[in-house]
Amino acid sequence: MSYRAPVSDMLSTMRHVAGLDRLIADGLAPELEGGVAEAVLDEAAKFAADVIAPLNRVGDAHGSKLKDGAVTTPPGWKEAYKAWAEAGWNALPAPEAYGGQGLPTLLQSACIEMWNSAAFAFALGPLLTVGAIEAIHAHGSDHLKETYLAKLVSGEWMGTMNLTEPQAGSDLNALRSKAERVGDGTYRITGQKIFITYGEHDLTENIVHLVLARLPDAPPGTRGISLFLVPKFMVNADGSLGAHNDLRCSGIEHKLGIHASPTCSMAFGDKDGAIGWLIGEENRGLACMFTMMNNARLNVALQGVAIAERAYQQALAFAHERKQGAALDAPKGAPMSPIIVHPDVRRMLMDMRAKTQGARAISYQVAEALDRSHRETDEARRKAASERAAILTPIAKAYATDIGIDVASTGVQVHGGMGFIEETGAAQHLRDARIAAIYEGTNGIQAIDLVTRKLPLSQGDAVHALINEMRGIVMEVERANTPGFGHAAARLGAAVDALERATEWMLGALGGKPADALAGATPYLKLFALAQGGTGLAKKALATRSEADGTADLATARFYAECIATEAPALELAVTEGAGAIADAAAVFAA
Numbered sequence: 001m002s003y004r005a006p007v008s009d010m011l012s013t014m015r016h017v018a019g020l021d022r023l024i025a026d027g028l029a030p031e032l033e034g035g036v037a038e039a040v041l042d043e044a045a046k047f048a049a050d051v052i053a054p055l056n057r058v059g060d061a062h063g064s065k066l067k068d069g070a071v072t073t074p075p076g077w078k079e080a081y082k083a084w085a086e087a088g089w090n091a092l093p094a095p096e097a098y099g100g101q102g103l104p105t106l107l108q109s110a111c112i113e114m115w116n117s118a119a120f121a122f123a124l125g126p127l128l129t130v131g132a133i134e135a136i137h138a139h140g141s142d143h144l145k146e147t148y149l150a151k152l153v154s155g156e157w158m159g160t161m162n163l164t165e166p167q168a169g170s171d172l173n174a175l176r177s178k179a180e181r182v183g184d185g186t187y188r189i190t191g192q193k194i195f196i197t198y199g200e201h202d203l204t205e206n207i208v209h210l211v212l213a214r215l216p217d218a219p220p221g222t223r224g225i226s227l228f229l230v231p232k233f234m235v236n237a238d239g240s241l242g243a244h245n246d247l248r249c250s251g252i253e254h255k256l257g258i259h260a261s262p263t264c265s266m267a268f269g270d271k272d273g274a275i276g277w278l279i280g281e282e283n284r285g286l287a288c289m290f291t292m293m294n295n296a297r298l299n300v301a302l303q304g305v306a307i308a309e310r311a312y313q314q315a316l317a318f319a320h321e322r323k324q325g326a327a328l329d330a331p332k333g334a335p336m337s338p339i340i341v342h343p344d345v346r347r348m349l350m351d352m353r354a355k356t357q358g359a360r361a362i363s364y365q366v367a368e369a370l371d372r373s374h375r376e377t378d379e380a381r382r383k384a385a386s387e388r389a390a391i392l393t394p395i396a397k398a399y400a401t402d403i404g405i406d407v408a409s410t411g412v413q414v415h416g417g418m419g420f421i422e423e424t425g426a427a428q429h430l431r432d433a434r435i436a437a438i439y440e441g442t443n444g445i446q447a448i449d450l451v452t453r454k455l456p457l458s459q460g461d462a463v464h465a466l467i468n469e470m471r472g473i474v475m476e477v478e479r480a481n482t483p484g485f486g487h488a489a490a491r492l493g494a495a496v497d498a499l500e501r502a503t504e505w506m507l508g509a510l511g512g513k514p515a516d517a518l519a520g521a522t523p524y525l526k527l528f529a530l531a532q533g534g535t536g537l538a539k540k541a542l543a544t545r546s547e548a549d550g551t552a553d554l555a556t557a558r559f560y561a562e563c564i565a566t567e568a569p570a571l572e573l574a575v576t577e578g579a580g581a582i583a584d585a586a587a588v589f590a591a
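Written as structure tokens, this is what we have:
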């Protein structure tokens, strides 16, 4: 089934939930005035549907192949990437000084969703390049910026992020890759890295690796990690490519999903050491890498939204076509009806739709907050936006990728037995979705980050501001007195109340019982997401009641409130009363 970007819903979410109109009115996104956002998204939707989406099944079936150290991507991949880069899509958010368009993260986020819905494995490579551009631009020397940024921005070269090692996954304290000073401003890098997305491929003539490694005199732990730029090919003074650096792809992984994305093992320094340049300061590499990782976590959230949207579209189309059983009100002897008339199928489809749109609402709010954190001229407003983004980022990453798996799984169920057959494509969505909850910081790590680092921001004032905002939306729903909302106000109000009580409990536990706080971190994050997503959909429904899509928005917001957000009180109990059960479970796992 072909993919069509839901441009109308994307724009509605950008305007009414994330605050695009307010961003423009405040003078923070003048480049989007006059319908520019609409025009960009329309063109992106065409490219995603016509060029990228047809490659999704081809990429999954063919995969990327490694032979003699070189990786070949699936048929059509190179041509599609070349057309995508030449159309300027890689340059959308990049700095104008190096050929970028400097457009807001909010607009870029909608485009990222499209690329990932069209072909998840295709979109992965460019996402890493965006991160490399951010890190080099923020922390690189003038020499590195002048040598690499223009080519990365244009898409002629691609970037990677090299963190993980066989013994060092989420815990970078165990990192062993080494860097030696040479004396001429360069370093020699040696070590092994694994799970490197697009570490080797044939889409671009050069690949720019950003590599974490330790200097000989580095302090222990993460305080002793430095970040280095290590190109596949050296770059001559005139900008042409020189010798192959001392690095190679030693293998590619055979994975559950994203088959077309080459997940590489990389070997640095088989001979004299790979030549690299320091980014930022020695022993401060993790701070530089987080420039990539924070935005990467939003991008992974958008991958969750994207795969959910694709699975929903396919399930919806199938439900209209597949005939089984007769409708409840059909006369005796009537022919079989499309399965979409059956209440349980409608329930599954509404569950898919509401979760997808709720996750989209949260993710786009992160993007808008990031834009404000960079573009606001007032220091207090910049800080508030930065803290808002900091709190919502782990929520978006974890919730959106969790619902990506959930929605894709429900999509298989809607297809019935045919969903378990690869030819329909429903199974691919589920296989592809599974990785997003793991990489860029597992969802458990996102929950820990939210609870231990984000809730205490500004002594808890930042999180309380978000809760107060949600409560204001609930009050608007109550005042609207719109029958189509059903019991939404009461259900969302209960979710916000549960979140507020759980937040107070969490802040108290952090001060005295941190183990109890960690035990409740994951259900707390989901509770937060249910309240944030539900109020986001309600806010959109309030704004669109008089518009063409208003009826659908109202039905979606009501379903989310009455059938999904109702988990909130139970999650509150898991947060505030579940620590004892987890502590006692230690005996179950004792050796």
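Numbering (the UniProt record's numbering), first residue to last: 1 to 591.
Don't be surprised by glycine CBs; every beta carbon is placed ideally from N, CA and C.
Keep in mind it's a predicted model, so treat the numbers as computed, not measured.
The three-state reading of DSSP puts M336 in coil, since its state is none of H, G, I, E or B.
Counting along the chain, no beta strand (DSSP E) covers G578, and no H or E run does either.
In this structure the stretch 96-116 touches the stretch 31-41; the number of beta carbon pairs closer than 8 Å is three or more. Assigned with DSSP and collapsed to three states, E165 falls in strand. For A354, there is no enclosing beta strand (DSSP E); the residue is found in the alpha helix (DSSP H) stretching over P343 to R375.
Under the three-state reduction of DSSP, K82 is assigned to helix.
L241 carries a strand assignment under DSSP once its states are collapsed to helix, strand and coil.
Residue range G285 to E321 is occupied by the alpha helix (DSSP H) that includes M293.
With contacts defined by Cβ atoms closer than 7 Å, G304 and T401 form a contacting pair.
Considering only A218, I189, A123 and G99, the residue with the shortest C-alpha distance to K145 is G99.
Pairwise C-beta distances place the stretch 306-322 in contact with the stretch 348-361, as three or more of them are shorter than 8 Å.
Taking the C-beta atoms as reference points, T197 is found no nearer than 7 Å to L152. The shortest C-alpha to C-alpha distance from A49 to any of G257, W115 and S64 is the one to W115. Just so you know, the alpha carbons of I189 and R214 end up roughly 9 Å apart. Every unbroken stretch of the beta strand (DSSP E) spanning 3 or more residues and falling wholly within the stretch 193-277 is given here in chain order: 206-213, 226-231, 233-235, 241-244, 247-252 and 263-268. Under the DSSP assignment, L66 falls in the beta strand (DSSP E) whose first and last residues are K65 to K67. In the structure shown, T186 adopts coil according to DSSP, grouped into three states. Non-local beta-carbon contacts of S8 in its own chain, meaning distances under 8 Å to residues more than five positions away in sequence, involve D549 in chain order.
Short of 6 Å from the beta carbon of L554, and not among the five residues preceding or following it, lie these beta carbons of its own chain, in chain order: G484 and A541. Rounded to whole angstroms, the separation of the alpha carbons of T410 and E547 is 30 Å. Positions of the beta strand (DSSP E) runs, each at least 3 residues long and wholly inside the UniProt domain "Acetyl-CoA dehydrogenase-like C-terminal" (473-584), cannot be given because no such run exists.
Here F589 is exposed. Its C-beta has fewer than 16 other C-beta atoms within 10 Å. Taking C-alpha positions only, A91 is separated from A581 by approximately 50 Å. Around the beta carbon of V182, a 10 Å sphere encloses fewer than 16 other beta carbons of the protein chains shown; the residue is thus reported as exposed. The Cβ-Cβ distance between T535 and M470 falls below 7 Å.
Membership of R22 in the alpha helix (DSSP H) is indicated by the continuous run L20 to A25.
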